[in-house]
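Asks: 4 is the number of the first residue of the sequence shown in this note's numbering; add one for each residue after it.
Positions of the beta carbon are idealized from the N, C-alpha and C atoms, including for glycine.
In this text, all values refer to a predicted model and were calculated from it rather than measured experimentally.
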Amino acid sequence: MFKNVTPRPDDPIMAIMKQCKSDPRAHKIDLGVGVYKDDSGHTTILNSVKLAEKICNEEETSKSYIGTIGNQDFCKNILQFIFGKDNPIFEEGRICSAQAAGGSGALRIGAELLKIASPEATVWSSTPTWANHIPLISSVGLEMKQYPYYNRVTLKVDFEEMLSHLSQATKPGDIILLHGCCHNPTGADLTEDQWDRLAVFLNENKLYPFIDLAYFGLGKGMKEDTYGLRKVTQICPEVLLAASCSKNFALYRERTGFVAAICKDHKKTEMIKGLFGAIQRKLISMPPDHGAAIVNKIFTDQKLFNMWEIELSEMRNRIKSLRLKLSKAFNSQGAVNISDAIINQNGMFSMLPLNAQQAESLRTEHAVYLMNSGRINIAGANTKNISRVAEAVLKVI
């Protein structure tokens with residue numbers, strides 16, 4: 004049965020994680036894996052999550068199935084939090100959703116839906132993009148191409164080049180995959196003015212946005228981090244959204260996410276909702292409820308919600324503080340362009356101007372672990388070793 008099975012290479016992130024774990028050097032710095040860590044290097048459980056989980060366990064009376072579209076109270080409450088309860092998409096019945104197994108599950112359901120609804124469409128992702136976007140979405144049989152996004156010389160978003168390329172290379176009906184905030188792997192986000200222009204551009208060219216919202220709340224703030232999504236939804240009649248609660252609730256292993264579709268009218272939403280359920284049924288039957296129940300409890304308990312907002316703010320401010328320290332460290336050694344880029348980016352990630360050989364030198368010679376692309380997870384460092392990251396990088400450039 005398994006005679007034709009051949010070894011597969013390790014996932015690049017997992018491979019670097021294994022390499023770092025086996026490194027005996029006490030001063031090693033792990034900037035590879037995309038999880039938030041506190042200053043002692045731990046990915047702790049939020050207090051709000053602990054309390055919500057305790058309440059959920061006490062109140063839960065059954066482990067029976069909840070259905071293929073998952074916890075709808077969770078979906079409703081988090082979507083109303085993101086868009087605002089008074090957003091007309093709710094009153095008009097233009098939005099439908101399904102709980103998903105994390106952000107990856109949400110992306111897969113979205114991709115399966117696009118394969119059914121728009122099989123001839125090309126899905127366009129940014130250059131670069133999250134490492135799993137292309138294999139995950141293309142696995143359903145959709146064609147994928149990339150548009151220019153991040154200029155590795157200026158270390159900024161090349162927005163004009165992005166629009167120019169999309170205007171020439173796309174066809175009406177194509178799907179544009181966008182990072183809602185805290186771009187992974189670069190940390191370079193669109194400004195609000197650029198989101199305004201992009202929303203109009205997409206609508207005028209009949210291009211459909213598919214927004215991946217994996218890090219909202221860890222950039223500038225919850226309202227700021229969801230500006231692009233709200234603007235695009237305001238201008239474009241049809242939008243697909245995949246979102247994750249892994250980072251902003253630190254629920255990584257609970258696989259908590261959701262997929263949502265904003266449609267032209269309420270008749271379409273009922274059809275799409277049915278498709279969400281049918282797609283999930285053939286993939287995993289139904290998503291795990293535990294993480295969604297925890298998040299929903301936080302959204303429906305004001306005390307827990309206030310506690311979570313404070314904890315989220317603490318995580319966000321720590322990332323900003325580390326960015327500032329790293330930026331100053333580069334600036335003090337004359338690397339002004341890197342310094343400026345880091346301080347102007349958002350979220351956990353930045354992409355340094357490094358090649359694979361230089362990244363390998365950082366790992367072997369300096370015990371600084373990062374991706375071959377130059378991506379670093381700033382939240383993997385701490386106040387004591389962040390300056391050493393800059394020193395090591397400048398030694399290999």
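Would you kindly work out how many angstroms separate the C-alpha atoms of GLU257 and THR9, rounded to a whole number?
Replies: The straight-line gap from Cα to Cα measures roughly 31 Å.
Asks: DSSP three-state label for CYS99, please.
Replies: In this structure, CYS99 counts as strand in the three-state DSSP scheme.
Asks: Jot down the residue ranges of each uninterrupted alpha helix (DSSP H) in the region 184–235, minimum 4 residues, whole runs only, in chain order.
Replies: Listed in chain order, the complete alpha helix (DSSP H) runs (minimum 4 residues) inside the region 184–235 are 195–207 and 225–228.
Asks: Quick one: using the 10 Å Cβ neighbour count with 16 as the cut-off for buried, is THR132 buried or exposed?
Replies: By the neighbour-count rule (16 or more Cβ atoms within 10 Å), THR132 is buried.
Asks: What are the start and end residues of the alpha helix (DSSP H) that includes SER288?
Replies: SER288 -> no alpha helix (DSSP H), and no H or E assigned at all.
Asks: Work out the CA separation of ASN349 and ASP228 for me, nearest whole Å.
Replies: If I take the Cα positions, the gap works out to 9 Å.
Asks: Nearest to ILE72 by alpha carbon, out of MET289, GLU312 and VAL298?
Replies: Selected option, being the one with the closest Cα: MET289.
Asks: Quick one: any contact between the region 120–136 and the region 219–237, if contact means 3 or more CB pairs under 8 Å?
Replies: Touching, no.
Asks: On the DSSP letters alone, give me the boundaries of the beta strand (DSSP E) that GLY35 sits inside.
Replies: Segment: none, GLY35 is in no beta strand (DSSP E) and carries neither H nor E.
Asks: Can you find at least 3 beta carbon pairs, one from the region 205–217 and one from the region 239–259, that sit closer than 8 Å?
Replies: Yes, since at least three Cβ pairs between the region 205–217 and the region 239–259 fall closer than 8 Å, the two stretches touch.
Asks: Quick one: what's got a C-beta closer than 6 Å to ALA362's C-beta in the same chain, skipping five residues either side?
Replies: Cβ within range, chain order: LEU373 and ASN375.
Asks: Do ASP161 and HIS182 have their C-beta atoms within less than 8 Å of each other?
Replies: No, they are not a contact pair.
Asks: Can we say the region 351–358 touches the region 378–395, given the rule of at least three CB pairs closer than 8 Å?
Replies: Touching, per the Cβ criterion.
Asks: Could you compute how far the alpha carbon of VAL156 sits from the alpha carbon of ALA191?
Replies: Roughly 13 Å separates the two Cα atoms.
Asks: If we ignore side chains and look at the alpha-carbon of each, how far apart do SER167 and MET310 end up?
Replies: C-alpha separation (whole angstroms): 45 Å.
Asks: What residues in its chain sit with their C-beta under 8 Å from that of GLN22, if we drop five residues either side in the sequence?
Replies: Answer for GLN22: ARG366 and TYR372, listed in chain order.
Asks: So, with DSSP's three-state summary, where would you put ASN358?
Replies: Coil, per DSSP.
Asks: For the region 16–30 and the region 260–273, state whether three or more C-beta atom pairs, one from each stretch, are separated by less than 8 Å.
Replies: With the cut-off at 8 Å, the region 16–30 and the region 260–273 do not touch.
Asks: Within the same chain, show all residues whose beta-carbon is closer than 8 Å to that of GLY280, passing over the 5 residues directly before and after it, in chain order.
Replies: Excluding sequence neighbours, GLY280 sits near GLY70, THR71, ILE72 and ALA101.
Asks: Can you say whether THR98 is buried or exposed, counting buried as having 16 or more other CB atoms within 10 angstroms of its CB?
Replies: Per the sequence shown, the amino acid found at residue 98 is Ile instead of Thr. With 16 or more other Cβ atoms within 10 Å, it is buried.
Asks: According to the neighbour-count rule (16 or more other Cβ atoms, all chains shown, within 10 Å of its Cβ), is GLN171 buried or exposed?
Replies: It counts as exposed.
Asks: Quick one, are the C-beta atoms of SER249 and LYS328 less than 8 Å apart?
Replies: No.
Asks: Taking the C-alpha atoms as reference points, what is the distance between ALA202 and ALA338?
Replies: Distance between the alpha carbons of ALA202 and ALA338: 35 Å.
Asks: Considering just the uninterrupted stretch of the beta strand (DSSP E) at SER128, what are its terminal residues?
Replies: 125–130 is the span of the beta strand (DSSP E), which, as asked, contains SER128.
Asks: Quick one: any contact between the region 289–299 and the region 21–38, if contact means 3 or more CB pairs under 8 Å?
Replies: With a cut-off of 8 Å, the region 21–38 and the region 289–299 do not count as touching, because too few Cβ pairs lie within range.
Asks: Let me know if LYS276 comes out buried or exposed under the rule of 16 or more other beta-carbons within 10 Å of its beta-carbon.
Replies: That one is buried.
Asks: Considering just the uninterrupted stretch of the alpha helix (DSSP H) at GLY260, what are its terminal residues?
Replies: First-last for GLY260: 259–265, but that is the beta strand (DSSP E), not the alpha helix (DSSP H).
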